[in-house]
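Notes for the one structure printed next.
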C-alpha cells in the first residue's frame with residue numbers, strides 16, 4: 642500500500658500540552674534486549690542488573706503491546722504510541738506494505754520516534770544507534786542519527802551481541818553521545834532455539850548482564866557516569882520457543898532506569914507500558930513529545 646501525506650501528517654508537528662523542560666541528564670543510554678523476560682533475570686545470576694536496580698527505579702511488570710512481536714514493540718517503545726497509532730502491527734510491516742495507516746507521519750514517512758523528536762528540538766545532540774537485528778532500522782528515522790551501526794557477520798548470536806556492544810562502547814568513550822540506543826538480539830534467539838528459561842537462554846541472559854557491566858564501565862571511563870541515565874528494558878518475553886501470543890510471560894517485560902533525577906532502590910508503583918519509555922526519555926532529554934504520542938512519562942520513577 643502506498644502512503645499519501647495528508648492532514649494527519651500535520652499532527653506530527655503539533656505539540657501536546659506537555660512542554661519541554663530542562664534536560665535531567667546530559668547523556669542517556671538505552672539498552673534494549675530482545676526477548677528478555679523478568680523470569681530470565683530472576684532465575685540466574687545478574688549482578689550488574691541487580692546493581693542497576695539498587696541504583697534506580699524498576700518494575701518487573703511493565704507491559705508490551707499486542708501483538709507481542711518484535712516490530713510492534715520496538716516501534717512502540719521508541720514512538721510513545723501503540724500499533725493502533727503507529728501502524729506497525731507485525732514483523733512483516735514495511736513502509737510501503739502495511740494494513741493500518743498511522744495517525745501521523747514525519748521524516749521519511751515514519752510515525753515519529755524519540756530519535757527525530759530529539760534531532761528536531763536539539764539539533765546539536767549526538768545521537769547513536771547500535772543494533773544487532775537489522776530489521777530495527779526500518780522503524781527509525783536513521784537520518785536523525787550521527788552514527789548507525791549494525792555489525793556484519795552472523796546475526797542473533799552471542800558474537801553479534803558482543804560486537805554490537807563493543808561498537809557502542811567505543812563510541813561512548815570517544816564521543817560521549819547525548820542519546821545512545823543499543824539493541825541486543827541473542828537472548829531472543831536462544832529462546833527461539835532452546836525455549837525461554839532453558840539453560841542456553843539463561844546463559845544468554847548472563848551474557849547480557851556481562852555486557853551491561855561493560856557498558857557501565859565505558860560510561861565511567863568516559864567520565865560521564867554522574868551525568869548519564871541508563872534504561873534497560875525488552876520488547877517482549879516468551880513461552881516455549883515462541884512469542885506473539887497473549888500469555889503474561891510474553892506480555893510482561895523488565896523496565897529499569899537509573900541515573901540523575903531517578904529514585905533509588907524504588908519499585909515503581911502503577912502501570913508502565915513499553916510506549917511510556919519514549920515519553921520518559923523525552924522528559925529526561927528535555928524535549929516536547931509530539932501530539933500524536935499517547936504515552937506518559939513514568940513519573941513515579943523520577944525524583945521531584
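Residue numbers (our numbering): 642 to 945.
Quick reminder that beta carbons are idealized off the backbone N, C-alpha and C, glycines included.
For residue 748, same chain residues with a beta-carbon under 6 Å away, outside a window of 5 residues either side, are 757, 782 in chain order.
Below 8 Å, too few C-beta pairs join the stretch 764–783 and the stretch 832–846 to call them touching: fewer than three. The residue from 871, 887, 914, 910 with its alpha-carbon nearest to that of residue 689 is 871.
Under DSSP, residue 883 shares a beta bridge with 880. Partner residues in the beta bridge of residue 825, as assigned by DSSP, are 674. Within the same chain, 709, 877, 891 come within 6 Å of residue 884 by CB-CB distance, once the 5 residues on both sides are set aside. Inter-residue distance for residue 915 and residue 705 is about 5 Å (C-alpha atoms, whole angstroms). Contact annotation, residue 933 with residue 726: C-beta distance approximately 7 Å; criterion of less than 8 Å satisfied.
A direct Cα-to-Cα measurement between residue 694 and residue 826 gives close to 22 Å. For residue 769, the enclosing beta strand (DSSP E) begins and ends at 768–772. By the Cβ test, the stretch 901–909 is not in contact with the stretch 714–732, since fewer than three Cβ pairs between them sit closer than 8 Å. The shortest C-alpha to C-alpha distance from residue 938 to any of 718, 675, 807, 679 is the one to 718. Judged by beta-carbon spacing, residue 807 lies beyond the 8 Å limit of residue 773, meaning their Cβ atoms are not closer than that value. 8 Å or more divides the Cβ of residue 874 from the Cβ of residue 668. Here residue 704 is bridged, per DSSP, to 893, 914. For residue 813, the enclosing alpha helix (DSSP H) starts and ends at 799–816. Measuring C-alpha to C-alpha distances from residue 838 to each of 865, 854, 881 identifies 881 as the nearest. The DSSP-derived three-state label of residue 841 is helix.
Secondary structure note for residue 694: its alpha helix (DSSP H) is the uninterrupted segment 688–696. Sequence-distant partners of residue 911 (beyond 5 residues in either direction) whose C-beta falls short of 7 Å from its own C-beta, in its chain, are 941. Under the three-state reduction of DSSP, residue 682 is assigned to helix. The C-beta separation of residue 700 from residue 846 comes to about 18 Å, leaving the pair out of contact by the 8 Å criterion. Residues of the same chain with a CB within less than 7 Å of the CB of residue 944, apart from the 5 flanking positions on each side, are 902, 903, 904 in chain order. Sequence-distant partners of residue 853 (beyond 5 residues in either direction) whose C-beta falls short of 8 Å from its own C-beta, in its chain, are 672, 689, 690, 693, 873.
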